[in-house]
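Reviewing the structure listed below.
There are 2 protein chains.
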Amino acid sequence: MSIETDIKQNKFRNAYQRLALNILYTSNWLEYQQMETLKAYDITSQQYNVLRILRGQKQNPIKVSDITERMLDRNSNTSRLVDKLLAKNLAKRTSCPSDRRAVDVVITEEGLQLLSELDPFVDAWEERYSIITPEEADQFSAMLDKLRESGK
Amino acid sequence: MSIETDIKQNKFRNAYQRLALNILYTSNWLEYQQMETLKAYDITSQQYNVLRILRGQKQNPIKVSDITERMLDRNSNTSRLVDKLLAKNLAKRTSCPSDRRAVDVVITEEGLQLLSELDPFVDAWEERYSIITPEEADQFSAMLDKLRESGK
DNA sequence: ATACATTTAATGTCAAAACATCTATTTATA
DNA sequence: TATAAATAGATGTTTTGACATTAAATGTAT
């Protein structure tokens, strides 16, 4: 369905306005799709995002501030997100030996297990994208990079 | 800056994963840019979104449920968003004569005034997009439409 | 070495989002 | 028409987000 139909707006000021609204709308749509799946596993998309970052680190500890830098949404309170993961035994936290202010975070076996249960869903999400070619996807990504660049 | 650098992830599973993360990241970025401006005018981006919908209706009343359908983020509580606009005299609410359950919402002069003060900022946002051509923007929009279509 | 600034993460507070429930009205059906 | 179902929007509750502040550790400059 076109963005026009989706948000019931049949004329936009120009192609750029349509694009901006489409990015915002599609992002909300993507997040909603994701949430639908995650709900059954009792984690939020923010928590999932942190878990993915932790898994990407393998077993190398990562500091809370470094997690924040890698997040899609930087405004969230990473400290409290980690608290939530801790409470569910999905991550563990030890104080960093080289800098006693910092805290090292590592994913647990249980966290890895949860992620591997979720992987098939992620594969399914990505499969849907095959409606566009990988080349198109890359062009697209490059364009988004350019857009953000313009706003510095 | 590329999405790789931005979220410090140097390899993605494939072009589709990169694209998905890029859409989510860029959307957050766009919203943050917008919020920076709106903060000075004491409204949230959700409230701004509702005001824009009201202005688009000219002086034709629109029901709360119809506002919801046109919103970029449908999960917000439109009832309470309208309350906020009411409290600031940016919108007015009258009960709908043809359906006494429904409520008609209209933007006020003050609301129109606020939007017109914000318009120059919106123009500036859109000007940044000129780094891509209108044709590219349209291609891009069509691609986003296709992506959402695939997930029905 | 001391004083001051910076970094790191945790916490406090308030507003907003998420989600369920409730009331009033309208629509559909027996 | 009587009853059930659906719809509109308001409200209650809990969780999360936004933003400022704090405490401890580290870095820097004199």
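Keeping their order, the protein sequence lines are chains A and B.
First residue of the first sequence? That's 1 in UniProt numbering, and the numbers climb one at a time after it.
First residue of the second sequence? That's 1 in UniProt numbering, and the numbers climb one at a time after it.
Ideal Cβ placement from N, Cα and C applies to all residues, glycine included.
Endpoints, alpha helix (DSSP H) assigned at residue i
i	result
Lys-146/A	134-150
Arg-70/A	64-70
Lys-84/B	78-87
Thr-37/B	15-39
Asn-49/B	45-56
As assigned by DSSP and simplified to three states, the class of residue i
i	result
Arg-93/B	strand
Ile-7/B	coil
Ile-107/A	strand
Pro-61/A	coil
Arg-128/A	helix
Asp-123/B	helix
Ser-116/B	helix
CA-to-CA distance, residue j to residue i, given in whole angstroms
i	j	result
Arg-101/A	Val-82/A	16 Å
Lys-8/A	Phe-140/A	25 Å
Lys-152/B	Ile-53/A	Any reading at Lys-152/B needs caution, since the residue's pLDDT is 46, under 50, leaving its predicted position unreliable; the model's value is listed next. Cα to Cα, the separation comes out at about 28 Å.
Met-1/B	Asp-123/A	27 Å
Trp-29/B	Arg-128/A	25 Å
residue 153/A	Ser-76/B	The first residue shown for chain A is 1 and the last is 152, placing residue 153/A beyond what the model contains.
residue 156/A	Leu-144/B	Absent from the model: residue 156/A. The displayed extent of chain A is 1 to 152, so no value can be given.
Lys-84/B	Thr-108/B	13 Å
residue 153/A	Glu-110/B	Any question about residue 153/A goes unanswered here, given that chain A covers just 1 to 152.
Trp-125/A	Val-106/B	40 Å
Leu-21/A	Cys-96/A	43 Å
Ala-15/A	Asp-6/A	16 Å
Phe-12/B	Tyr-25/B	14 Å
Ile-67/A	Gln-33/B	22 Å
Thr-78/A	Thr-94/B	43 Å
Ile-3/B	Arg-70/A	10 Å
Would the stretch 57-74 of chain B and the stretch 115-128 of chain B be scored as touching if the rule is three or more Cβ pairs under 8 Å?
no
Sufficient close CB pairs (3 or more, under 8 Å) joining the stretch 129-142 of chain A to the stretch 91-101 of chain A
no
So, do the stretch 37-50 of chain A and the stretch 77-97 of chain A have three or more beta carbon pairs nearer to each other than 8 Å?
yes
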